[in-house]
Amino acid sequence: MRVGFILGEVVNGLRRNAGMVVSVVLVTMVSLVFLGMGLLAQRQVDTLKGYWYDRVQVSIFLCTPDTTDVASCAGGAVTEAQREQLASELDSLKPLVQEYWYESNDEAYQRFREQFRNSPVLDNIPQESIPESFRVQLSDPTKYEVVASAFEGAPGVESVEDQREVVDKLFTFLNAVSISAVALAAAMVVCAVLLISTTIRLTAWSRRRETNIMRLVGASAFTIHIPFIVETLLAVVVGAGLAIALLWAMVHYGITGFLTELLAGQGGMVGLIGPGDLWMVVPFLVGGAVLLAVVTSWLALIRHVRV
Amino acid sequence: MVGRPSPQVPAPSGKGSAPTMITFEHVTMRYAKGDPPALRDIDLEIGRGEFAFVVGASGSGKSTLMRLIILEREATQGRVIVAGHDLSTLPNRKIPVLRRKIGIVFQDFRLLAGKTVYQNVAYVLQVLGARRHTIKQLVPETLELVGLEDKAKRLPHELSGGEQQRVAIARAMVNKPPILLADEPTGNLDPQISEEIVAILDRINRTGTTVVMATHDTTIVNKFRKRVIQLRDGVVVRDEDRGEYDALEVEAVHTP
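As structure tokens, this is what we get:
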């Protein structure tokens with residue numbers, strides 16, 4: 000009986016305040032989409048870190064006939080002896096150097112052609128200007144300096160590049176995305192809080208006769224407040240549902256469907272987040288939304304609905 | 000037709016042996032600091048089952064007295080005791096318990112416009128979490144008490160003022176509170192209808208409910224001959240059983 004009655008009150012309230020309820024739904028949706036994007040970007044960073052730190056190598060680019068302006072390459076292209084010398088030095092750096100392999104000029108050129116196959120610069124680059132290199136995998140990727148200092152400026156070495164730096168730039172970018180998404184989410188949450196309390200104020204006003212009668216006949220604070228809280232909760236949960244649907248669509252079509260395929264052609268960059276990561280984030284979104292709704296409406300009720 | 004008022008029958012008086020239902024002990028009430036008090040040093044006892052008119056001009060403190068009884072406001076000084084609850088120490092969460100013991104009727108009826116007569120009365124029980132079959136039993140019973148059993152499905156705007164007030168009385172009484180407060184219940188009604196309304200209150204009083212009615216309707220007061228508590232500028236100036244109420248005294252308030 001009581002549940003039926005409260006639900007009846009809730010339906011009434013929702014109908015009477017449809018416009019405000021829709022805006023609460025939408026504001027909740029937008030704020031949760033931003034929050035979700037922030038969290039997903041963070042998960043993407045974590046996923047990529049794990050993936051790339053396993054693979055990212057230090058590249059030791061060797062001299063080409065074109066690189067005579069670099070001091071260590073003054074003698075022209077790298078010689079056979081220099082190459083062997085470098086290989087033995089790499090061997091001596093084990094176990095920090097976990098593994099290394101040699102990429103010949105032919106292989107490097109093939110890879111380069113593959114990567115830039117759609118680019119007009121391709122035809123202007125002669126094969127001999129693509130450097131051959133040693134690709135080194137470190138057992139501890141943070142100890143890059145050790146390798147760099149050992150090989151920087153060695154005869155036949157044009158430059159040493161820590162490719163983690165390249166990936167780190169990507170991480171910095173993703174972190175920025177994550178932080179701005181969370182910041183936007185925070186702004187939207189403030190919006191949501193204000194909107195919810197305004198909505199409750201308006202609902203309280205439109206329902207003041209009922210509330211007044213409830214008070215006078217001795218309804219408990221719980222009975223008076225619960226329809227407001229249930230209404231807000233419903234609106235927020237619907238908003239959260241929409242947000243999750245939207246995020247799912249983004250992940251499913253945007254990342255799993257589109258981006259993975261796009262990147263698959265570019266040398267197979269994997270380690271992207273998928274719907275599984277979304278489900279990990281969902282409890283936080285829903286829980287946060289529910290908490291927000293309950294706390295906000297409770298505070299608004301204390302202010303606007305006297306018992 | 001509602002019961003004819005019978006001035007010959009004395010109202011049961013709370014003074015003396017009957018236990019008191021409402022007690023005011025040196026109650027002073029100020030709405031804001033620095034304001035002149037709306038009530039000053041009121042000492043009053045209203046017994047169980049008593050019927051009391053609280054009379055006085057506008058601003059004499061009648062409504063304030065009512066507000067203190069339902070703890071809509073708290074007394075600035077002194078103690079108000081209602082149905083055994085000392086209101087000065089009643090914790091907030093116990094206020095609903097107090098209010099369930101009090102039915103209240105207003106001058107402007109305060110019915111819910113979108114609900115039928117039946118729904119308006121049932122609303123109270125729903126809000127208080129009564130069971131469905133209790134509601135089905137109590138609501139028609141209460142509508143019968145006020146003579147509206149035939150109009151259960153009407154909406155408030157389809158009723159006359161007197162009928163609306165009867166719905167309000169039914170709503171106030173449906174959970175059988177021991178106290179019924181009526182704040183100017185006849186203020187919007189013409190004399191004959193007013194008399195019918197007070198006759199209903201009288202009948203409710205006879206079933207043992209303590210009735211306190213604030214009014215400045217001299218005809219009603221003189222007709223029903225109940226206890227009269229007269230306020231002027233927040234002070235009780237007269238308190239007598241089966242009292243009369245002289246309209247001239249009301250005028251006197253306005254001409255110092």
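If you read the sequences in order, they're chains A and B. Just so we're aligned: 268 in numbering that gives the first Met the number 0 is position 269 of the first sequence, and the numbers increase by one with no gaps anywhere. Just so we're aligned: 86 in numbering that gives the first Met the number 0 is position 87 of the second sequence, and the numbers increase by one with no gaps anywhere. All residues carry an ideal CB built from backbone N, CA and C; glycine is no exception. Quick caveat, the model's predicted, so the values are computed rather than measured.
Asked, Found
"Whether Q56/A touches V135/A by CB criterion (8 Å)", "yes"
"Stretch pair the stretch 19-34 of chain A + the stretch 163-178 of chain A: three plus CB contacts closer than 8 Å", "no"
"Any C-beta of chain A under 8 Å from that of G128/B", "yes"
"CB contact below 8 Å: T206/B versus chain A", "no"
"Residues bridged to F60/A [DSSP beta-bridge criterion]", "S132/A and S158/A"
"Bridge partner(s) assigned by DSSP for H84/B", "V81/B"
"Whole alpha helix (DSSP H) elements within the stretch 158-216 of chain B, 4-residue minimum", "160-172 and 190-205"
"From F133/A, V159/A and R163/A, residue whose alpha carbon lies closest to that of D139/A", "R163/A"
"Contacts around A40/A, its chain only, beta-carbon distance under 7 Å, and the 5 residues preceding and following it disregarded", "L173, V176, S177 and A180"
"C-beta atoms of E243/B and I219/B nearer than 8 Å", "no"
"The alpha helix (DSSP H) enclosing F283/A, as first and last residue numbers", "P274 to H303"
"Any C-beta of chain B under 8 Å from that of F257/A", "no"
"Inter-residue spacing [alpha-carbon to alpha-carbon] between L137/A and Q97/A", "5 Å"
"Proximity to A198/B [Cα-Cα], best of I178/B, A151/B, G146/B and R231/B", "G146/B"
"Contacts that V258/B makes with chain A (C-beta to C-beta distance below 7 Å)", "Residue 258/B is absent from the structure shown; chain B starts at 0 and stops at 255."
"Beta-carbon spacing of N174/B, R98/B below 8 Å", "no"
"For E143/B, the residue or residues it bridges with in DSSP", "According to DSSP, E143/B bridges with nothing at all."
"CB of A213/B within 8 Å of CB of V53/B, strictly", "yes"
"Residues that E209/A contacts on chain B, provided the C-beta gap is smaller than 7 Å", "L111"
"Same chain only: Cβ atoms within 6 Å of Q76/B, ignoring 5 sequence neighbours per side", "T27"
"P95/B at chain A interface by Cβ criterion, 8 Å", "yes"
"G267/A (DSSP reduced to helix, strand or coil)", "The predicted model places G267/A with a pLDDT of 47, which falls under 50 and marks its position as unreliable, so this point remains unresolved."
"G267/A to R82/A span [Cα, whole Å]", "Caution applies to G267/A, whose pLDDT of 47 falls short of 50 and renders its modelled position unreliable; the model cannot decide the point."
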